[in-house]
Every structure is written in structure tokens, then in C-alpha cells.
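What follows is a set of notes on a single structure, which appears directly below.
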Amino acid sequence: MKSNNEPAAQELVAIVEDDPDVARVIEQVLSDFAFRTAWCRNAADFLDRLPSLAPDLCIIDLGLPDMDGLELMQRVRTQSPCGILILTGRAYLSDRVMGLELGADDYVLKPFEPRELVARVRSILRRHEAAPAASVSVQRQVAAFGGWRFNLANNTLCAPNGESSQLSTSEANLLKMFVNNPNRILQREQLLGTRDLTSTDRSIDVSISRLRRKLDPEAGNHPFIKTVYGAGYLFLATVTWPASVAVST
Numbered sequence: 001m002k003s004n005n006e007p008a009a010q011e012l013v014a015i016v017e018d019d020p021d022v023a024r025v026i027e028q029v030l031s032d033f034a035f036r037t038a039w040c041r042n043a044a045d046f047l048d049r050l051p052s053l054a055p056d057l058c059i060i061d062l063g064l065p066d067m068d069g070l071e072l073m074q075r076v077r078t079q080s081p082c083g084i085l086i087l088t089g090r091a092y093l094s095d096r097v098m099g100l101e102l103g104a105d106d107y108v109l110k111p112f113e114p115r116e117l118v119a120r121v122r123s124i125l126r127r128h129e130a131a132p133a134a135s136v137s138v139q140r141q142v143a144a145f146g147g148w149r150f151n152l153a154n155n156t157l158c159a160p161n162g163e164s165s166q167l168s169t170s171e172a173n174l175l176k177m178f179v180n181n182p183n184r185i186l187q188r189e190q191l192l193g194t195r196d197l198t199s200t201d202r203s204i205d206v207s208i209s210r211l212r213r214k215l216d217p218e219a220g221n222h223p224f225i226k227t228v229y230g231a232g233y234l235f236l237a238t239v240t241w242p243a244s245v246a247v248s249t
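Counting along the sequence shown from 1, when you hit position 23 you're at 23 in the UniProt record's numbering, and nothing is skipped either side.
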């Protein structure tokens, strides 16, 4: 039950779940904490309603009847900047890792603890809200390092050959930390930031692995992000800010 001290939430959470009983439980849990919800019983229904709903976050069940949840997640990523939380009963680690690899912000296993679900939802929303706010106030907007350019305002990474790619929120937040703290060991806890994760959660490691592959496609050769065992991660690069501008707040 929600505490009297709980702040009123305004965010809309879309629930893509084919089991009506599970969907009702999620809706009840989120409404107890003042979230608005919209239930879609399959992928087609959700994709059709996505433009009008414009959710702040969507909870996607991997086992949908008309489309694999991982494929749906990829489609959502191309159409909406909303947060994505995977909800799955699949016990295979590979499914959860694949979801994170493809851009999900987090995942929750069925059966789930209601308060954990709310905590994960809040954590994702905080990260999504913090990213644009930081880009408005910061004066340094484009970081250059080793031939790469990273636009902190729109999370675009441009390779030395001119090819650009869009980073997920988790990847972009990591790279923002690294370019603002080059050649400095960052502890895992610092990189986790506001995430409500346990010490055994490996999401941060998956995000770093994805970011490494984008910065250096050749497996086994990661010149920028170095693991300092027992200490954290080190971003080995000289970072300049060629497009720095003064931004009023």
C-alpha cells in the first residue's frame, strides 16, 4: 500500500501483457503509487496506440502471442524515446541479457515483488528525466576523443569514418560519465548513479559491454574503456569539447 508520504506521479506507463490477470495486478500496483496506466493485450495493439499514448515508460512481456517481446522492444526503440522495462517469466539468462543488449533499460522476472517493480519503474523514469535536464544546463555539448564525436544533447555517437549511431539511455549516461571524467577510475557504484540495483545486478556490466563494442567493434580490443579489477573502470582518452557553447538555464 502507498504511504501518505508518497509523491503524486504523473507519468504514463503502458503495459504490454497478454495475461489479463497479470495486467490487472500491474495496473493496481502502479495506480497505488499514482502512476497512470494503459493496458495493451498484444504487440499489434500497442504499436497501433503508441503514437497517441506517448508513454513515459512501457512494460513489455517477452512472451506475447503475436510477436516476440524482443522484436517489439526494437520497434519501440525506433519510434519512441520512452523507457523500456522487460517483464518476463523466462528463466534463461540469455533472454534477459539479449533484452539489455537490444536497448532495454531494465528487467523484472515473474513472479515479481510489487515494491521492486515500482522501484525499477521509478529508477528508469529518473534516468530518462535526468538526461535532458543535464543537456540543457551543461555548457559542453559535444565531446571529441580519438576521432569520435559524442553529442550529449541527443545521445548521438559519430565514428571516425563518419557513421553515426543512436545510443540507448543507459549507454549514453555511461559515456557522459566517462567523457566528463577521462583518465580517472570510476567505481561501479558511481556509474550506477540513481539506479536501484543490488550488488549482484549485472546490468551495468552489460551496458559497458555494449558501449565497448560500439566504440571498438573488434572483440578483445578496448582501447577506451579499461577494467581496473577491484577498483572500477577507466576511460583512457584525451577529451576535447570543440562545440562548447554557453547555454542559459
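The beta-carbon is built from N, C-alpha and C at its ideal position, and this holds for glycine as well.
Alpha-carbon spacing of residue i relative to residue j, whole angstroms
i, j, result
"Leu186", "Asn173", "13 angstroms"
"Leu102", "Ser207", "10 angstroms"
"Ser52", "Ala38", "11 angstroms"
"Asp106", "Arg127", "12 angstroms"
"Ala44", "Tyr92", "25 angstroms"
"Leu109", "Arg115", "13 angstroms"
"Asp19", "Ile204", "30 angstroms"
"Phe112", "Phe178", "33 angstroms"
"Asp21", "Arg77", "27 angstroms"
"Gly162", "Arg24", "48 angstroms"
"Cys40", "Leu62", "13 angstroms"
"Pro223", "Leu236", "7 angstroms"
"Pro65", "Asn181", "45 angstroms"
"Leu211", "Leu157", "10 angstroms"
"Arg35", "Leu47", "The residue asked about is misnamed: residue 35 is Phe in this sequence, not Arg. Near 21 angstroms, if we compare the C-alpha coordinates of Leu47 and Phe35."
Closest residue to residue i among the options (Cα-Cα distance)
i, options, result
"Ile124", "Ile208, Val22, Cys40, Leu57", "Leu57"
"Leu30", "Gln10, Asp105, Gly162", "Gln10"
"Val13", "Leu234, Arg96, Arg120", "Arg120"
"Glu129", "Ser170, Ser165, Gly99", "Ser170"
"Leu175", "Gly162, Glu163, Arg75, Gln190", "Gln190"
"Gly99", "Arg122, Val118, Asp48, Gly69", "Gly69"
"Asn42", "Leu236, Leu211, Leu215, Met73", "Met73"
"Gln79", "Asp32, Met67, Arg49", "Arg49"
"residue 250", "Asn155, Gln28, Asn183", "Here the chain has residues from 1 to 249 only, and residue 250 is not among them."
"Asp216", "Pro160, Gly230, Ala231, Gln166", "Pro160"
"Phe33", "Ser94, Gly230, Arg122", "Arg122"
Per-residue DSSP class, three states only, for residue i
i, result
"Arg184", "coil"
"Val239", "coil"
"Thr198", "Residue placement at Thr198 is poorly supported in this model, since its pLDDT is 46, which falls under 50; the coordinates still yield a value, given next. Three-state result, Thr198: coil."
"Leu57", "strand"
"Asn173", "helix"
"Asp66", "coil"
"Leu152", "coil"
"Phe145", "strand"
"Gln10", "coil"
"Pro19", "Checking the sequence shown, residue 19 turns out to be Asp, not Pro. It is coil, neither helix nor strand."
"Lys226", "strand"
"Ser164", "strand"
"Gly83", "strand"
"Asp205", "helix"
"Ala44", "helix"
"Arg36", "strand"
"Asp106", "strand"
"Gly89", "coil"
Buried versus exposed call for residue i [16 or more other C-beta atoms within 10 Å across all chains shown]
i, result
"Thr88", "buried"
"Ser168", "buried"
"Lys226", "exposed"
"Arg213", "exposed"
"Leu117", "buried"
"Val16", "buried"
"Ala104", "buried"
"Tyr233", "buried"
"Asn155", "buried"
"Thr198", "In this prediction, Thr198 scores a pLDDT of 46, lower than 50, which makes its location untrustworthy; the coordinate-derived value is nonetheless stated afterwards. Classification for Thr198: exposed."
Residue i Cβ short of 6 angstroms to the ligand FMN heavy atom set
i, result
"Gly69", "Although the ligand FMN was asked about, the structure shown includes no ligands whatsoever."
7 angstroms Cβ cutoff, residue i in contact with chain D
i, result
"Lys226", "Of the protein chains in this structure there is only one, and it is not chain D."
Whether or not the region 73–92 and the region 42–62 are in contact is what I'm after, with contact meaning three or more pairs of Cβ atoms, one per stretch, closer than 8 angstroms; do they touch? yes
Open item on the list: Below 8 angstroms, how does it come out for the region 141–152 and the region 231–243: are there three or more Cβ pairs, yes or no?
Closed with: yes
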